[in-house]
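Q: Numbering (the numbering used here), first residue to last: 148 to 248.
Glycine residues also receive a C-beta, built at the ideal position from the N, C-alpha and C atoms.
Sending over a structure as structure tokens; questions will come in a sec.
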Amino acid sequence: MAKKSMVNREVKRAKLVQQHAAKRAALKAVINDQSKPVEDRFKATLKLAELPRNSSATRLHNRCQLTGRPHAYYRKLKLSRIMLRELASFGQIPGMVKSSW
């Protein structure tokens, strides 16, 4: 089980990303628009830098929904490999059977 503080930190980051997504997209559109004057693009870059770092989507890290484990994460199922194996062996995941020989 991951530390609660780390899981809460990820939740906080996700909220910040959602809160600032539109503003970040608008500023990035101005920055990438080559037809705009250089001064306007530079001002947009400065405004983008003023936003919180955790509002960037690249700072999010996928975590297991059950345990909060950040490594060995299956995106499709939103589970870590450990929980996937455990649930599969209990028959909780439809169509998945743990192999044994």
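Taking only the alpha-carbon atoms, compute the straight-line gap between residue 220 and residue 194 and give it to the nearest angstrom.
A: Against the sequence shown, residue 220 aligns to sequence position 73. Against the sequence shown, residue 194 aligns to sequence position 47. Taking the straight line from one Cα to the other gives about 34 Å.
Q: Just to confirm my understanding: we take residue 222, look at its own chain, exclude 5 residues before and 5 after, and list those with CB closer than 8 Å. What are they?
A: Here residue 222 refers to the residue found at position 75 when the sequence shown is read from its first residue. These residues qualify, in order along the chain: 209.
Q: Can you say whether residue 157 is buried or exposed, counting buried as having 16 or more other CB atoms within 10 angstroms of its CB?
A: As a working mapping, residue 157 is identified with position 10 in the sequence shown. With 16 or more other Cβ atoms within 10 Å, it is buried.
Q: Return the first residue and the last residue of the alpha helix (DSSP H) that residue 158 is part of.
A: One-based indexing of the sequence shown puts residue 158 at position 11. From DSSP, the alpha helix (DSSP H) with residue 158 extends over 151–179.
Q: Look at the alpha carbon of residue 179 and the alpha carbon of residue 172, and state the distance between them as a whole number of angstroms.
A: Walking along the sequence shown from the start, residue 179 turns up at place 32. Walking along the sequence shown from the start, residue 172 turns up at place 25. For residue 179 and residue 172, the distance between alpha carbons rounds to 10 Å.
Q: According to the neighbour-count rule (16 or more other Cβ atoms, all chains shown, within 10 Å of its Cβ), is residue 246 buried or exposed?
A: To locate residue 246, count along the sequence shown from 1; it is residue 99. Burial call: exposed.
Q: According to DSSP, residue 226 sits in a beta bridge with which residue or residues?
A: Your numbering for residue 226 matches position 79 in the sequence shown. In the DSSP output, where bridge partners are listed per residue, residue 226 has 221.
Q: Could you compute how far the alpha carbon of residue 166 sits from the alpha carbon of residue 233?
A: Translated into the one-based positions of the sequence shown, residue 166 becomes position 19. Translated into the one-based positions of the sequence shown, residue 233 becomes position 86. C-alpha separation (whole angstroms): 36 Å.
Q: What is the residue span of the alpha helix (DSSP H) that residue 189 lies within?
A: Translated into the one-based positions of the sequence shown, residue 189 becomes position 42. 185–197 is the span of the alpha helix (DSSP H), which, as asked, contains residue 189.
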